[in-house]
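A.B. asks:
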Amino acid sequence: MNSAQLAAASRARWSTLNQVAAIHPHDQTEADDQRRVMEWITSGAGLYRLAKPATPPMHLVSYFQVIDPDTGSLLLGEHHKAGLLLPTGGHVEPGETPWEAVARECAEELRLTARASSRFGTDPAFVSVTSTVGAATDRHVDVSLWHVIHARRAEVDYFDEEEFTRIRWLSPDEVLATAVGQLDPCMHRFTRKITATGSGPAAGLRPDGVAGGCLCGRLRFTVSGEPDYPHVCSCGHCQKRAGGPLQSWVSFPLDGLRWTGEDGAPTWYDTFPDTTTRGFCGTCGSHLAAHDYGDTLIGINLTALDDQHDPRLVPVNQSFRDDAVGWLPQIPDTQHSTSR
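In case it helps, this note's numbering puts the sequence shown at residues 3 to 342.
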C-alpha cells in the first residue's frame with residue numbers, strides 16, 4: 003500500500019477500536035468478546051478478509067439488522083451457504099469503516115440507503131466473536147459488529163437472491179422463539195439487548211424515543227428522554243409561525259434528538275439572532291422544533307409528534323397570556339412559567 007492507503011487503513015483501525023470500546027456490553031459474554039476484539043485490533047493483526055474463505059482466519063464483519071420502526075419487526079434472510087436465518091451484512095473491505103461496509107452491503111443486498119437507528123446511530127450496537135460452521139478448510143472466526151438500521155416493510159422490495167433464499171420479518175418474540183440452531187448463535191442475545199427495557203445505554207429499540215415528523219414526511223425524528231414543561235405559547239413569534247393563535251411545545255434533552263428522514267435536519271431560522279432558532283421543513287413548511295443556543299434541551303412542537311396522547315404531554319401553562327387572542331379560552335396555569 004502507498005502512504006495514503008496506509009494512513010486510511012490506520013484511521014479505519016483506530017476508528018473501529020473506538021467504536022468497539024464504546025459498546026456497553028449486555029452480558030458477560032459480550033464483555034469478554036469486546037475485550038478480545040480490542041486486544042486483537044491493538045495487536046496490529048490484519049482486520050480484513052483478503053482471500054476467501056479464511057485468509058486471515060479471523061476477520062471483520064459488519065452485520066446490519068433491519069428494523070421496521072413502525073412495528074419493531076426484524077428482517078432476517080435465509081442464507082444459502084450457512085443454512086441459517088441471518089441479518090444482512092458482509093465482510094468489511096480493507097480500509098473500510100464498519101459503517102461504510104453497512105452502507106455498501108445495504109445497497110448491494112437490499113438496494114436501500116442505510117438509515118441509521120436513532121438510538122445507536124452509525125455505531126455498532128453489539129459485538130460478537132463466532133467460529134463459523136462448514137468444511138474444515140473453510141472455517142474461520144468472524145468478528146461481527148452488529149449495527150441497527152431502520153426501513154419500513156414496504157420499502158424492502160428486493161433482496162440478493164445469490165445470498166438468500168428468501169427474507170422474513172419476525173417480531174422480537176418470534177426471533178426468541180426460533181431455535182438457536184436456526185439462527186446466528188448470538189441472535190438471541192442481540193435481540194434481548196436491543197429490546198431490553200430501561201433508560202440505560204442498552205435500553206431497547208422499540209422505545210427508540212417518541213417519533214414525529216412533518217406533513218410531507220420528508221423530515222422525521224425521534225426524541226428520547228423525559229418530556230419537560232409541555233405548554234402552549236401565545237407570543238407574537240409563535241402566532242406568526244403557527245399561522246394561528248398559539249403554538250404548543252414540549253422540551254426533550256437535545257442529545258436525545260435524532261433526525262431520521264430522507265431530508266435529514268430541518269431548515270433553521272433565527273427568530274432571535276444568536277439566541278433562539280426554529281426548525282421547519284423546507285418542503286411543506288411544517289414547524290418542528292425550537293432551540294435556545296447553549297441550552298441542553300430542545301423544544302419540539304407537540305403537534306409534530308406521531309402520538310400526542312401521553313399524559314406527560316398535556317400542557318401545564320400558557321406563556322405570554324397578555325398576547326393571546328381574547329376569543330379563545332386559555333390553558334389552566336398548573337405549572338407557573340417564568341417567561342411572563
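The C-beta atom is built at its ideal place from N, Cα and C for all residues, glycine as well.
Predicted, not measured: the structure shown is a model, and the values here were computed from it.
Quick one: give me the first and last residue of the alpha helix (DSSP H) that residue 32 is part of.
C.D. replies: It spans 30–44 - the alpha helix (DSSP H) in which residue 32 sits, taken as one unbroken run.
A.B. asks: Would the beta-carbon of residue 108 be found less than 7 angstroms away from any heavy atom of the ligand ATP?
C.D. replies: Among the components modelled here there is no ligand, and therefore nothing to report on the ligand ATP.
A.B. asks: Could you give the residue range of the alpha helix (DSSP H) that holds residue 100?
C.D. replies: 100–112
A.B. asks: Across which residues does DSSP place residue 80 in a beta bridge pair?
C.D. replies: Answer is 87.
A.B. asks: Taking contact to mean at least 3 C-beta pairs separated by less than 8 angstroms, is the segment 156–163 in contact with the segment 109–129?
C.D. replies: Short answer: they touch.
A.B. asks: Do the CB positions of residue 131 and residue 39 come within less than 8 angstroms of each other?
C.D. replies: yes
A.B. asks: Here's the rule I'm using: 16 or more other beta-carbon atoms within 10 Å means buried, otherwise exposed. How should residue 91 be labelled?
C.D. replies: buried
A.B. asks: Return the CA-CA distance between residue 342 and residue 285, expressed in angstroms with no decimal places.
C.D. replies: A caution first: residue 342 carries a pLDDT of 40, below 50, which makes its placement in the model unreliable, though a value can still be read off. Roughly 34 angstroms between the two C-alpha positions.
A.B. asks: Could you check the C-alpha separation between residue 127 and residue 288 for me, to the nearest Å?
C.D. replies: 33 angstroms
A.B. asks: How many Å lie between residue 41 and residue 174 at the Cα?
C.D. replies: 32 angstroms
A.B. asks: Would residue 185 and residue 86 be called neighbours here (beta carbons separated by less than 8 angstroms)?
C.D. replies: yes
A.B. asks: Beta-carbon within less than 7 angstroms of residue 133's beta-carbon, same chain only, minus the 5 sequence neighbours each way: which residues are those?
C.D. replies: 141, 143
A.B. asks: Could you tell me the distance, in whole angstroms, from the CA atom of residue 165 to the CA atom of residue 53?
C.D. replies: 18 angstroms
A.B. asks: Where do the ends of the alpha helix (DSSP H) carrying residue 178 lie?
C.D. replies: 174–179
A.B. asks: Excluding the five sequence neighbours on either side, which residues of its own chain have a C-beta within less than 6 angstroms of the C-beta of residue 210, listed in chain order?
C.D. replies: Since pLDDT at residue 210 reaches only 48, below the 50 mark, its modelled position is unreliable, and no value is offered.
A.B. asks: What first and last residue would you give for the alpha helix (DSSP H) that runs through residue 196?
C.D. replies: 189–196
A.B. asks: Is the number of C-beta pairs between the segment 294–301 and the segment 314–330 that are closer than 8 angstroms three or more?
C.D. replies: no
A.B. asks: For residue 26, does the three-state DSSP call read helix, strand or coil?
C.D. replies: coil
A.B. asks: Starting from residue 292, trace the alpha helix (DSSP H) both ways and give me its first and last residue.
C.D. replies: Careful: residue 292 lies outside any alpha helix (DSSP H), inside the beta strand (DSSP E) at 289–294.
A.B. asks: Do the segment 225–235 and the segment 265–280 make contact, defined as three or more Cβ pairs closer than 8 angstroms?
C.D. replies: no
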